Structure formats: C-alpha cells, structure tokens
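Heads up, the thing below is written out as structure tokens.
Written out as structure tokens, the structure is:
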C-alpha cells in the first residue's frame with residue numbers, strides 16, 4: 002500500500018486513527034479506552050469482519066507460477082506481496098491469519114520474479130495463491146491493488 | 008470562527024458500560040465506542056452550539072485538567088472527526 | 096423414492112410474474128411453489144420487493160414460515176443497503192459544504208427520495224449522480240480531499256474511463272464502502288445513442304429539504320427505458336422493467352394525460368425506440384395499463400421483423416432462468432440481445448458468422464454440447 | 008427418517024436425482040451430487056441427519072459437480088454450486104466434502120438475516136448456552152469438539168444463531184472442520200470421535216471433519232437461552248486463566264465478529280446489549296485441555 006494514495010488530510014487527522022482502534026490488540030485497546038481519560042476516544046465498529054475472517058486464513062505459496070501476479074501496462078509481471086494486518090506471522094504455522102486489515106504491495110517490475118519474491122519475504126510478507134488473492138480481493142481487502 | 012452542536016443527539020441510543028459507552032446512530036446505522044470524554048463532548052453540544060474554546064473549558068473543568076495547546080488540537084481533531092461521522096454539525100458564524 | 100418427488104414442471108416464469116402482478120395469489124402458493132419462487136425471485140433480485148409488498152399488506156403471517164424467514168432476511172438486507180446509500184448521499188452533501196452544484200440523483204436513490212412504489216424493498220447498492228461536465232472535476236477533488244478514493248482500477252480501466260467515457264471512475268469512501276458513480280451524461284459511453292443531458296437537467300425537479308434534484312417523471316421513465324433497451328443486455332433485468340412499470344402506473348394515476356406528455360417528450364428527445372420497447376414489454380409481461388394505440392404515436396418505432404425478434408427474445412432474457420434446468424432457448428435469446436447491445440460496435444463480417452453458427456445450434460440442439468466443447 | 012436408514016444405493020439415487028433433502032438446524036438443505044467419493048463420505052458423515060419433512064420448503068439448494076478445465080484437462084476438478092451459481096473457483100475432487108461444508112456455511116452467512124449470526128461456537132449444559140466466540144487462533148472447533156464429547160450438547164462450532172428479539176439460541180450442528188495439528192490432538196484425545204477423511208491442500212491447510220454426536224442432532228429443535236460467554240485462547244505452555252472480561256470488551260468483540268451485526272442495525276445493537284448484560288463474560292487462556300475443561304465444567308455447574 003503506497004503512502005501517496007492516502008489523502009493528505011487523512012494522514013494529518015490523528016483523530017481518525019482512533020477508528021482503527023477496534024482492530025488493535027486487546028491490551029492496546031484497553032489502554033486506549035481506560036487509562037487515557039484525558040483525550041476523547043471514538044471508535045467505529047466495522048462490519049463483515051467475521052465473513053472476511055472465515056476466508057482469511059490463507060496458505061503461503063512458494064511456487065512462483067501459482068502465486069498471484071499483476072501485469073503493469075508494459076506487460077511486466079509483478080508479484081503480489083501480502084503483509085498481515087495485525088501482528089507478526091508465526092514461523093511454524095503453515096497457514097496465516099491475515100488479520101482484519103492485511104495489506105499488499107506489488108513487486109518491483111524491473112526485477113525478475115524470484116528477486117521480487119525474495120524481497121517480499123525478507124520484508125515479512127508472504128506470497129499467496131491466485132485463488133486466495135481473488136477470494137480476498139472480492140471482500141474488499143487489498144483495494145489499493 | 009466555527010461552533011458545533013449535536014444535531015441528532017436525542018436520536019442516539021446510548022449504553023453505559025461502567026464509564027465506556029456504545030452509541031448507536033440510527034441515521035448511519037453505525038455503532039460507535041466512546042470513552043467518558045468522548046461522550047461528554049456530545050452531551051454538552053446537545054442544545055446550543057459551542058465554540059472550540061468553550062468546549063475545551065467545559066471539558067477541563069469537568070475532568071479537572073490543565074488544558075494546553077496539544078489538548079486544544081486534540082479536541083479540534085475530535086470535533087472534525089465527529090462532524091465527518093455526522094454526529095455533530097458545524098455552524099458558520101460571521102466574524 | 097417417489098415420496099420425495101418435487102414437481103419440476105412448475106412454470107417458474109409464471110410463478111414469478113403472477114406473484115408480481117397480483118401478490119395476493121402468494122397466500123395460495125403451495126410449499127413446493129414457494130420453494131421454486133424463492134429461488135427464482137432471488138435470482139431476479141426481487142425477494143425484497145415481494146417481501147416489502149407482503150409486509151405492507153400484512154400478509155407475512157399468512158405464508159409458510161420458512162418463506163417468511165427468507166423474505167424477511169432479504170428485506171432486512173435491502174433496508175440496510177438503502178440506508179447506507181442514503182447516508183452516503185448525506186455525507187456527500189456534507190462534504191460539498193454548501194457549494195452551489197446542481198446534483199441530480201438517479202435510479203434507486205431517486206426512487207427512494209420520492210418514495211415511489213417501486214422503491215420499497217428494491218435492491219440497490221450504488222449511488223448514481225448526474226452533474227454538469229464542468230462540476231465533475233470540482234466534485235472529484237472535493238470528495239478526494241475528504242477521504243473518498245477511486246475504486247481499484249487497472250491502468251487500462253483508468254485510461255478507458257478518462258479517455259473514452261469522459262467519466263470519473265467510481266468513488267468509494269473506505270470507511271463505508273458505498274460506490275458513488277458521478278455521471279455527466281445519461282447515455283452509456285458504449286451506447287450508440289448519444290443523449291444530450293441538458294434538457295434533462297433543465298427539467299429536473301428539486302427534492303424538498305434535501306438540496307438535490309431528481310429527473311422529472313417523464314425523464315425518469317425515459318432514462319429507465321434507455322438503460323433497459325439501449326445500454327443493456329437485458330439478462331435478468333426484470334426488476335428494471337418493473338421499475339418502469341411501477342413508475343408509469345404511479346404517475347399515470349397522479350396526472351391526467353401523463354402518458355401523452357411522456358410520448359411527446361420521447362419524440363422531442365429522439366428516444367421513441369427505447370420507450371416503445373419499454374411500453375411494449377411492460378404491457379406484455381406486467382400488464383401495464385397502456386392503451387395499445389398510444390405507442391403508435393412514437394417516432395422511431397421498430398420495424399415488423401425487429402419487433403418479432405425482440406418479442407421472442409426479450410422475455411427469455413428478462414426473466415430468470417430456472418435454477419436447475421437452464422433452457423438453451425433462453426441462452427440463445429440472451430446471446431442475441433448481448434450481440435444486439437454490441438451491434439454497431441461489432442463489424443458485420445464478424446457478427447454474421449457468429450449469428451449463423453448460433454442459429455445452427457438452435458436448430459440442431461443435439462450438436463450443441465459437442466460444438467461447445469470444440470469451440 | 009434418517010440418512011443412516013437409507014442404503015448407499017438409495018442415498019445415491021437421491022443425491023444424483025432430486026437431491027438429498029436434510030434438516031440442518033433451523034434450515035433445510037438439498038444436496039445433489041453424482042460424485043462417488045462424496046456420496047460415500049456423506050453416507051457416513053450425514054448418517055444422523057433427518058430427512059426434511061415431505062413438502063417442507065428447502066432453503067438452500069447446493070450441488071457438487073465435476074468441472075472440466077481446458078487448461079488442466081487431466082485434473083479432476085469439482086465445482087460447488089448454489090442455485091446454479093458457483094461462488095468459488097473449482098477445486099480438486101479430493102476437496103469436495105470440505106468445499107460442500109464451507110459453501111453451505113457461506114450461503115447461510117450471506118442469506119440469513121432474520122437471525123443474528125455470531126461467529127462463535129456454542130454448546131449447551133444444564134439447559135443454558137455457553138458461547139465460545141471466535142478469537143484468532145482460539146481453536147474453537149477443537150474446544151467445542153472436546154466439550155461435546157464431555158456431555159455438552161453441541162449447537163455449532165461456527166455459528167451462534169440468535170433470535171434477536173427473544174434472545175434464544177438455535178442449534179445448527181454441522182460437520183466440524185479440524186485443521187492441521189488439531190486433527191492429531193483430537194485423534195489422541197478422543198479416539199471415539201468419528202472423523203471424515205483427511206483432506207490436504209485446502210485454503211486452510213489439511214482439514215478433517217468430525218461428525219456431530221447423534222444426541223445433538225436429534226435435539227436440534229430445542230433452543231436455549233445463553234448464560235456464559237467465554238473467549239477462549241490457546242497459548243502454548245500457558246497456565247490456565249479464567250478471568251472476567253469487561254462487558255464493554257465482550258460487546259465489542261461479539262459485534263465486530265458477527266456476520267450480520269451491521270445489517271441488522273438497531274436490532275443487533277439492542278440484542279448484543281441484552282446478551283452481554285445477561286451473561287457472565289470470561290476470558291479463557293489455556294494450553295492444557297483437561298484443566299480448561301475442568302474450569303468450564305466448574306463455570307457451568309451452577
């Protein structure tokens with residue numbers, strides 16, 4: 002998700018960040034709600050999270066052919082690199098809970114696919130299959146891609 | 008100079024959970040979670056419109072705070088946020 | 096296992112049309128008729144419509160409980176969507192903050208604003224607005240500033256929108272997810288009929304207390320007709336014909352000689368053809384009370400052969416397919432109408448062989464499976 | 008009449024013909040398939056379900072059909088269809104059962120709004136419902152599998168179905184998909200559990216379904232009022248903790264995890280408020296199942 006897509010006004014509007022508090026981990030949320038009476042807090046509940054979550058456990062793929070890719074207008078392939086929204090990925094698990102607000106970024110078209118994949122993984126992201134990508138995209142995730 | 012008021016305060020459904028509040032806004036169908044100060048702002052804006060200064064004053068008295076510039080900034084942001092959510096409305100005044 | 100037999104010979108089109116035309120028949124439907132009707136109505140996106148009607152007339156407690164549950168489920172969903180779009184409009188007006196921009200609300204939200212009889216239970220998820228070409232840029236920049244974003248688009252889509260359709264891609268506020276389509280013309284960019292939006296804008300009517308406008312009743316019907324028979328492929332589009340029918344009935348009862356005015360307006364704007372078809376099919380399928388000779392006064396009536404073909408194809412496309420037994424004939428009809436909607440954009444040398452081939456299949460349906468596999 | 012009273016041939020005739028019409032909690036479901044492997048699996052896994060009463064309306068019509076792929080001509084793929092439409096891309100034939108079960112859940116979640124649908128496991132003990140809402144990595148399926156083999160009546164491992172006006176919860180016992188490591192845990196812990204085939208390579212890894220106990224399915228019409236809400240979390244090596252959870256927190260977690268909270272609007276707001284106010288809300292952290300079960304027994308004893 003590129004920074005430049007976020008409107009300037011939203012970036013500055015710190016108060017709006019509070020809306021995402023519903024997605025924070027529980028201790029973080031409690032701190033926000035309870036101990037900081039000195040600032041007003043408002044969070045707005047978001048719907049559909051459960052439905053999204055049922056399909057939100059995805060497996061990572063290593064096979065570059067089955068990984069989700071996008072073409073740019075020069076027909077260069079770019080891999081889709083997914084980063085989970087909340088918390089780090091557990092190494093041991095074969096599936097990943099992407100949380101409620103995963104983000105995805107496209108690889109650098111000037112690099113070959115293997116290099117793009119490597120850069121994705123060193124940055125803490127995973128490659129997911131085309132099918133998984135499509136099922137998530139339809140639910141409003143990754144709207145920036 | 009702007010002032011604000013809670014336009015549909017009486018239509019809100021408010022549940023108190025020991026100092027935290029769930030607020031259902033029928034117009035938008037949204038549920039909001041507010042802390043004590045968050046709700047207090049809505050309460051004092053129910054009735055006549057107030058300016059930022061007055062709001063901050065009210066809040067600092069009610070919560071026994073020493074308002075600084077940062078506090079003013081926070082409240083101004085919150086008012087903007089509330090306005091975007093349709094919880095309060097702005098009244099433009101001629102200077 | 097005879098005891099589990101389900102009557103599959105129920106005519107699903109008839110079940111649906113009768114329910115729409117005379118909803119009172121619903122209280123006499125058997126369970127197996129209900130089961131099929133629920134599936135067909137869902138596909139036609141008319142469950143909410145039926146539910147709203149039954150609720151209004153207090154008939155929900157006279158029909159089977161399982162049907163009530165599904166109908167109520169749909170109605171609840173529809174009401175939520177209507178509220179979301181309504182709220183989106185309110186947020187847009189807030190964002191525009193008193194700027195003097197003439198905004199005409201179209202389609203579903205417009206019906207809701209005027210409380211037209213087709214609005215209750217009607218599914219719609221998007222907010223469609225018509226503004227002048229000059230205001231387009233201003234609206235886009237104001238909304239972007241306040242957090243609305245363009246829907247994710249490929250580069251190709253983006254170019255298509257900007258260069259070909261002269262429209263802006265749909266705007267969505269990420270916290271609410273309602274799609275806002277801002278148009279500056281009423282004809283689809285793909286359609287071969289170009290419509291000057293100016294007369295529509297001049298005749299628009301202000302909605303009390305809302306700060307927005309809607310199309311005049313005549314224009315609303317013409318817009319509906321254009322969308323059905325000019326811009327569209329008609330597949331599963333019964334609900335839009337139902338819009339036309341209900342709005343027509345409503346204003347015909349309200350204003351004497353409304354239908355005359357409608358005909359005159361269509362002739363003046365050169366929209367006789369789509370209006371002709373809309374009147375023809377709403378009369379044929381939904382029994383709209385329109386005198387037969389009325390549409391004879393329209394300019395641009397279709398020729399005998401065209402009408403014959405449309406008469407045979409349109410109902411098969413508009414009405415939903417049977418969920419278990421899709422008919423080949425309906426598929427062919429849908430294909431023809433699909434091609435019709437591409438008519439002028441497709442060179443004849445490609446279109447003709449395609450048509451001949453499909454006609455061949457309709458004559459020898461037994462060969463269709465093999466042919467399809469090879470094709 | 009129950010599915011187990013049908014011979015395999017009779018079942019095949021139904022599945023391949025008009026559809027097997029079974030009662031699934033408060034709903035009726037019609038399944039059609041000609042896939043021999045799936046017919047065998049359903050014969051075992053759906054054994055306890057009753058056939059829907061004759062002439063009753065069936066709400067959901069699903070099919071699992073073979074799908075030819077031009078790109079993979081030799082792959083054996085299947086497609087899940089509801090009312091003639093397929094919501095997912097085709098999957099391999101081995102995943103038929105998992106896709107069927109998941110597809111039915113999806114259809115329920117998409118179409119049902121006359122009930123409030125929590126994303127939660129639900130079991131009943133001493134006449135009252137214990138809700139175990141989903142929390143990422145909570146292992147609610149595993150935990151509810153354990154509970155149902157320890158005298159709790161299974162309502163569902165996935166849906167808390169609530170009538171929003173009266174607060175009753177309805178059972179919807181369906182096959183319960185165990186994932187990955189949970190399969191072995193359950194095999195070791197509950198050798199008596201009836202498990203379906205292990206299905207590798209699904210979106211969620213390897214899945215094997217547990218068949219719900221006969222009693223839970225037979226008492227499917229007995230709704231009950233909720234009394235306890237416990238958010239479970241399995242943490243490796245953690246000592247058992249059953250702590251009270253602030254009601255505001257419970258509200259937030261239940262509402263954001265419900266399938267149709269926002270669709271129901273005011274009705275859902277009122278329903279969740281009343282639910283949370285009338286229940287004991289707890290948070291359970293555990294690593295060892297025995298002590299977790301003992302703690303839940305103690306909680307629900309009263």
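Protein chains in written order, with my numbering: chain D, 2 to 146; chain C, 8 to 102; chain G, 96 to 470; chain A, 8 to 309.
C-beta atoms are modelled at their ideal positions from N, C-alpha and C, and glycine is treated no differently.
Source: prediction; values computed, not measured.
Under a Cβ-count criterion, where at least 16 other Cβ atoms within 10 Å of its own Cβ denotes burial, should residue i be classed as buried or exposed?
i             : result
residue 321/A : Residue numbering for chain A in the displayed model covers 8 to 309; residue 321/A lies beyond these limits and cannot be assessed.
residue 478/G : Residue 478/G lies beyond the stretch modelled for chain G, which goes from 96 to 470, so this question has no answer here.
residue 68/C  : exposed
residue 138/G : buried
residue 120/G : exposed
residue 182/G : buried
residue 195/G : exposed
residue 8/A   : exposed
residue 275/A : buried
residue 242/A : exposed
residue 82/A  : exposed
residue 439/G : Summary for residue 439/G: the model assigns pLDDT 44, below 50, so the residue's position carries little reliability, and this model does not support an answer.
residue 82/C  : buried
residue 45/D  : buried
residue 218/A : buried
residue 92/A  : exposed
residue 16/A  : exposed
residue 401/G : exposed
residue 116/G : exposed
Please look up how many angstroms separate the CB atoms of residue i and residue j, rounded, as I've assumed it's under 8 Å.
i             : j             : result
residue 178/A : residue 163/A : 7 Å
residue 414/G : residue 377/G : With 8 Å as the limit, residue 414/G and residue 377/G do not qualify as a contact, their Cβ atoms being about 13 Å apart.
residue 70/C  : residue 43/D  : In fact, because the Cβ distance is near 16 Å, the residues do not count as touching under 8 Å.
residue 182/A : residue 108/A : 5 Å
residue 282/G : residue 298/G : The Cβ separation is near 17 Å, so there is no contact.
residue 3/A   : residue 139/A : With chain A covering only 8 through 309, there is no way to say anything about residue 3/A.
residue 471/G : residue 410/G : The first residue shown for chain G is 96 and the last is 470, placing residue 471/G beyond what the model contains.
residue 310/A : residue 180/A : Because chain A is modelled from 8 through 309, residue 310/A falls outside the range shown and cannot be assessed.
residue 72/C  : residue 78/C  : 7 Å
| When you check each C-beta in the stretch 221-255 of chain A against every C-beta of chain C, which residues fall closer than 9 Å? | Under the 9 Å Cβ criterion, the stretch 221-255 of chain A contributes 253, 254, 255.
| task | Using a Cβ-Cβ cut-off of less than 8 Å, list which residues of the stretch 29-46 of chain C approach chain D; keep chain order. | result | Answer in chain order: 37, 38, 39, 40, 41, 42, 43, 44, 45.
| Members of the stretch 108-122 of chain A that neighbour chain G once the beta carbon cut-off is set at 7 Å | Those residues of the stretch 108-122 of chain A that come within reach of chain G (Cβ to Cβ, closer than 7 Å) are 118, 119, 120, 121.
| field | Where the stretch 184-203 of chain A meets chain G: residues whose CB sits under 8 Å from a CB there | value | Within the stretch 184-203 of chain A, contact with chain G at the beta-carbon level (separation under 8 Å) is assigned to no residue.
| task | Check each residue of the stretch 167-184 of chain G: if its Cβ is closer than 8 Å to any Cβ of chain C, include it; give the result in chain order. | result | Here the close residues are 175, 178, 179, 182.
| Does the pairing of the stretch 78-96 of chain A with the stretch 51-58 of chain A give three or more beta-carbon distances under 8 Å? | Contact fails: fewer than three Cβ-Cβ distances are below 8 Å.
| task | Please determine if the stretch 187-207 of chain G and the stretch 121-133 of chain G are in contact, where contact requires at least 3 C-beta pairs separated by less than 8 Å. | result | Here the stretch 187-207 of chain G does not lie against the stretch 121-133 of chain G, with fewer than 3 beta-carbon pairs under 8 Å apart.
| said: When you compare the stretch 90-97 of chain A with the stretch 247-265 of chain A, are there three or more beta-carbon pairs, one atom per stretch, that lie closer than 8 Å? | reply: Cβ pair count under 8 Å is below three, so no.
| message | List, from N- to C-terminal side, the beta strand (DSSP E) runs of 3 residues or more that fit wholly inside the stretch 357-435 of chain G. | response | Entirely contained in the stretch 357-435 of chain G, not one beta strand (DSSP E) run reaches 3 residues.
| request: Check whether the stretch 317-332 of chain G touches the stretch 361-378 of chain G, counting contact only when three or more Cβ pairs, one atom from each stretch, lie closer than 8 Å. | output: Yes, they touch.
| request: Please go through the stretch 183-265 of chain A and give each complete alpha helix (DSSP H) segment of 4 or more residues, from N-terminal end onward. | output: Every unbroken stretch of the alpha helix (DSSP H) spanning 4 or more residues and falling wholly within the stretch 183-265 of chain A is given here in chain order: 188-196, 221-225, 254-263.
| task | Check whether the stretch 278-294 of chain A touches the stretch 225-241 of chain A, taking contact to mean three or more Cβ pairs, one atom from each stretch, closer than 8 Å. | result | Taking 8 Å as the limit for Cβ pairs, the verdict is that the stretch 225-241 of chain A does touch the stretch 278-294 of chain A.
| Are the stretch 59-72 of chain A and the stretch 24-41 of chain A touching by the rule of at least three beta carbon pairs closer than 8 Å? | In short, these stretches touch, since the Cβ pair count reaches three.
| request: Indicate whether the contact test is met: 3 or more Cβ pairs, each with one atom in the stretch 352-362 of chain G and one in the stretch 162-174 of chain G, closer than 8 Å. | output: The stretch 352-362 of chain G is not in contact with the stretch 162-174 of chain G.
| Which runs of the alpha helix (DSSP H) fall wholly inside the stretch 9-68 of chain C and span at least 4 residues, in chain order? | Entirely contained in the stretch 9-68 of chain C, the alpha helix (DSSP H) runs reaching 4 residues are, in chain order, 43-51.
| message | Check whether the stretch 201-215 of chain G and the stretch 232-243 of chain G are in contact - that is, three or more C-beta pairs closer than 8 Å. | response | Verdict: no, contact absent.
| query | Is there contact here, the stretch 182-192 of chain G with the stretch 230-241 of chain G, by at least three beta-carbon pairs under 8 Å? | reply | At 8 Å Cβ cutoff, the stretches touch.
| task | Could I get the ranges of all uninterrupted alpha helix (DSSP H) runs contained in the stretch 41-121 of chain A, with 4 residues as the minimum, in chain order? | result | Those alpha helix (DSSP H) runs which fall completely within the stretch 41-121 of chain A and span 4+ residues are 43-52, 103-118.
| message | Quick check: the stretch 206-217 of chain G against the stretch 144-152 of chain G, are at least 3 beta-carbon pairs closer than 8 Å? | response | Proximity of the stretch 144-152 of chain G to the stretch 206-217 of chain G meets the contact definition, three or more beta-carbon pairs being nearer than 8 Å.
| Touching by the beta-carbon criterion (3+ pairs, under 8 Å), the stretch 187-202 of chain A and the stretch 12-25 of chain A | By the Cβ test, the stretch 187-202 of chain A is not in contact with the stretch 12-25 of chain A, since fewer than three Cβ pairs between them sit closer than 8 Å.
| request: Could you run through the stretch 146-180 of chain A and flag, in chain order, every residue whose CB is less than 7 Å away from some CB of chain G? | output: For the stretch 146-180 of chain A, which is checked against every Cβ of chain G, not one residue is closer than 7 Å.
| Ordered list of alpha helix (DSSP H) runs contained in the stretch 279-325 of chain G, each at least 4 residues | Listed in chain order, the complete alpha helix (DSSP H) runs (minimum 4 residues) inside the stretch 279-325 of chain G are 293-298, 312-324.
| Any residues in the stretch 336-370 of chain G with a beta carbon nearer than 8 Å to a beta carbon of chain A? Which ones, in chain order? | Taking 8 Å as the Cβ-Cβ cut-off against chain A, none of the residues of the stretch 336-370 of chain G qualify.
| field | Secondary structure, alpha helix (DSSP H): runs of 4+ residues fully inside the stretch 161-211 of chain G | value | Runs of the alpha helix (DSSP H) lying entirely within the stretch 161-211 of chain G and spanning at least 4 residues, in chain order: 202-208.
| request: Assess, as a yes-or-no matter, whether the stretch 289-304 of chain G is touched by the stretch 262-274 of chain G under the definition of 3 or more beta carbon pairs within less than 8 Å. | output: No: fewer than three Cβ pairs fall under 8 Å.
| Proximal residues, the stretch 66-100 of chain A versus chain G, C-beta separation under 7 Å | For the stretch 66-100 of chain A, which is checked against every Cβ of chain G, the residues closer than 7 Å are 66, 68, 90, 91.
| said: Runs of 4 residues minimum, wholly inside the stretch 119-158 of chain A: which ones carry the alpha helix (DSSP H) assignment? | reply: For the alpha helix (DSSP H) assignment, the uninterrupted runs of no fewer than 4 residues enclosed by the stretch 119-158 of chain A are, from N- to C-terminal side, 147-155.
| query | Got a sec: which bits of the stretch 257-278 of chain A sit with their beta carbon under 9 Å from any beta carbon on chain G, in order along the chain? | reply | So the list reads 267, 269, 270, 271, 272, 274, given in the order they occur along the chain.
| query | Listed in chain order, which residues of the stretch 183-198 of chain G have Cβ atoms closer than 8 Å to some Cβ of chain C? | reply | Listed in sequence order: 185, 186, 189.
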